[in-house]
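Each remark here refers to the structure printed beneath this line.
Protein chains in written order, with this note's numbering: chain S, 61 to 278; chain L, 61 to 278.
See the structure below:
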C-alpha cells in the first residue's frame with residue numbers, strides 16, 4: 061500500500077517525478093491552497109496547526125491575532141510549513157501497490173512580521189483577492205482597529221521543495237490479470253450549493269479562486 | 061479576515077463551539093481523512109510532512125518504508141499530528157469578518173511500532189478498507205516481502221483535541237446593509253471521472269470511503 065519496492069523503473073520514475081524544485085511549480089501548488097499546516101516548537105513541545113495562507117511574490121503569508129502565543133513562537137524560531145493537495149486515489153490490483161496522487165510543498169525558515177500599516181492593508185487585500193477575486197471592490201475594507209488587531213506574518217520561499225505524484229497504477233507484472241477495477245479516482249475540493257445569508261440571495265454570487273467554479277456545484 | 065474581535069456573543073460562541081474534545085467527534089474527523097500532517101524534530105530541525113493515515117480503535121495509524129529516517133525520528137521523539145478538513149468559505153460583508161469553516165484534530169504523543177506480522181497484515185487490511193470498503197476481497201493481499209518492507213506506526217489518541225467552525229457569517233451590525241452576496245460556500249473533496257487502467261473498464265467500480273460516492277462524479 062505504498063510506492064513499489066525498488067526496481068530500476070520505479071526508482072527512476074520516483075526520483076524523476078516526485079521531487080520538484082522549480083519555482084513556478086511551487087508557486088502553483090501554494091496558489092491552489094487555502095490552508096497550510098505549520099510545524100513549530102514552543103516551550104519544548106512540537107506543534108502542528110492548520111491556518112489560512114496566501115502567496116505574494118516569493119513569500120507565504122499567514123495572519124493571526126496580535127500578541128498570540130503562536131505569533132510569538134513563529135517570530136522567534138524556525139518552522140516548517142506544509143501545503144498539500146490530495147489529487148486522487150490510486151487503486152491497484154494488489155493491496156501493496158495502492159497509492160495516492162498528490163502535490164505538496166514544504167517550506168523551511170522563520171516568519172517575519174509585516175507591521176507597517178499600508179503593507180498590512182495590502183496583505184489583507186491580497187488575502188481576500190486570493191479567496192475571491194474581485195471581492196475587495198464590494199466589501200467594507202478593514203479599518204484601523206481591525207488592522208491593529210491582526211498580525212501579518214510572511215515566510216520567504218527560498219527554502220521550499222515540492223513533491224508530486226500524478227500518474228497511474230504501478231502493479232507488478234504477475235498481478236496484471238487479477239480481475240478487479242484498477243485505476244485512479246481523481247479527487248478535488250469542490251463547492252457545494254451556496255448558502256446565502258438572509259437578504260443576500262439576490263446579489264450576484266461571488267467569484268471563487270482556485271477554479272472553484274460555482275456553476276459546477278451540485 | 062478572521063474571527064470577529066471579542067464581543068460577548070462571539071466570544072461565547074467561539075469558546076463553546078470551536079473546542080471539541082469528545083471522542084466520537086475526534087474519531088469522525090479522523091475517519092473522514094485520507095491524509096494527516098506530522099510535525100516532528102529530527103537532528104535539531106522541525107519538519108512537517110503529509111502522509112496517509114487511518115484509524116483503528118483509539119489509535120491513528122501511518123505506514124512508511126522500513127528503516128527510513130522519518131520512522132526512526134517518530135519512534136524516538138514526541139510529535140504533533142494534525143488532520144484538517146476545509147468545509148467552506150465564509151464570505152462576509154466586511155473584509156475582516158471573512159472566515160473559513162473547518163474541522164481539525166491535533167494529536168500529541170509518540171508513535172509506537174506495530175511489528176508483529178499478523179498485526180501488520182491486519183493494519184494494512186484496515187488501511188485499504190478505510191480507502192475502499194470491501195476492496196480487500198478482490199485484490200492480492202500483501203505478501204511476506206511486502207509486509208517486511210513496510211513499517212507500521214501508531215499513535216494513541218488519548219492526547220487529541222478537535223476544533224470546529226461550522227456556522228455562518230458574523231458581520232458587525234453596521235455592515236449588514238452593504239449590498240454584496242454574503243454567506244457560506246461549502247467545500248468538500250469530491251471524486252472526478254474514474255480513470256481505469258487498460259482492460260479494467262468493465263470491472264465494477266470500487267466503493268469509496270468517506271461518502272465519496274462515484275455516482276456523484278461529473
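Note that beta-carbon positions come from the ideal geometry of N, C-alpha and C, so glycine has one too.
Only a predicted model underlies this, so the values are computations on that prediction, with no experimental measurement involved.
Relative to the Cα of residue 96 of chain L, the nearest Cα in the group S:268, S:142, S:203 and S:138 belongs to S:142. Here the C-alpha atom of residue 91 of chain S lies approximately 15 Å from the C-alpha atom of residue 146 of chain S. Counting C-beta atoms within 10 angstroms of its own C-beta, residue 227 of chain L has fewer than 16 neighbours from the protein chains shown and is therefore classed as exposed.
Residue 233 of chain L carries a helical assignment under DSSP once its states are collapsed to helix, strand and coil. No Cβ of chain L is located within less than 8 Å of the beta carbon of residue 193 of chain S. Collapsing the DSSP output to three states places residue 199 of chain L in coil.
Partner residues in a beta bridge of residue 83 of chain L, as assigned by DSSP, do not exist. The straight-line gap separating the alpha-carbon atoms of residue 176 of chain L and residue 166 of chain L is approximately 28 Å. For residue 134 of chain S, the three-state secondary structure derived from DSSP is helix.
Residue 258 of chain L sits in coil when the DSSP states are folded into three classes, being neither helix nor strand. Per DSSP, reduced to three states, the secondary structure at residue 91 of chain L is helical. Relative to residue 85 of chain S, the option among S:133, S:171, S:144 and S:260 whose CA is nearest is S:144. Sequence-distant Cβ neighbours of residue 185 of chain S in its own chain, meaning closer than 8 Å and more than five residues away, are 196 and 201. Here the alpha carbon of residue 220 of chain L sits roughly 11 Å from the alpha carbon of residue 89 of chain L. Ranking S:203, S:114, S:133 and S:156 by CA distance to the CA of residue 183 of chain S puts S:114 first. Between residue 215 of chain S and residue 169 of chain S, the C-beta gap is smaller than 8 Å, which places the two residues in contact.
Within chain L, no C-beta atom comes nearer than 8 Å to that of residue 220 of chain S; the closest sits roughly 12 Å away. Using beta-carbon distances, residue 171 of chain L does not count as an interface residue toward chain S, since no partner is under 8 Å. Put simply, the CB of residue 113 of chain S is far from chain L, with every gap to its CB atoms at 8 Å or more. For residue 163 of chain L, no Cβ of chain S is located within less than 8 Å of the residue's own Cβ. The CB of residue 235 of chain S comes closer than 9 Å to the CB of 199 and 200 in chain L, given here in chain order. In this chain, the alpha helix (DSSP H) harbouring residue 178 of chain L covers 177 to 191. By alpha-carbon distance to residue 258 of chain L, the top candidate from S:225, S:162 and S:152 is S:152. Taking residue 245 of chain L as reference, the option from S:246, S:123 and S:269 with the minimal CA-CA separation is S:269.
Chain-ordered, the chain S residues with CB closer than 8 Å to the CB of residue 238 of chain L read 198, 199 and 200. Proximity of residue 253 of chain L to chain S, defined by a Cβ-Cβ separation below 8 Å, is satisfied. Around residue 235 of chain S, the same chain offers 153 and 154 as residues with beta carbons nearer than 7 Å, after the five sequence neighbours per side are excluded. For the pair residue 206 of chain S and residue 120 of chain S, the Cα-to-Cα distance works out to about 21 Å. By the Cβ neighbour-count rule, residue 162 of chain L is buried, with 16 or more other Cβ atoms within 10 Å of its own. Boundaries of the alpha helix (DSSP H) harbouring residue 207 of chain S: 204 to 208, taken from the DSSP string. Sixteen is the threshold: when 16 or more other Cβ atoms of the shown chains lie within 10 Å of the Cβ of residue 148 of chain L, as they do, the residue is buried. Each of L:150, L:193, L:178 and L:203 was checked against the Cα of residue 188 of chain S, and the nearest Cα belongs to L:150. When C-alpha distances from residue 156 of chain L are compared across S:138, S:123, S:172 and S:160, the shortest belongs to S:123. Secondary structure note for residue 113 of chain L: it is in no beta strand (DSSP E), with a DSSP letter that is neither H nor E. Chain-ordered, the chain L residues with CB closer than 8 Å to the CB of residue 245 of chain S read 251, 252, 254, 255, 266, 268, 272 and 274.
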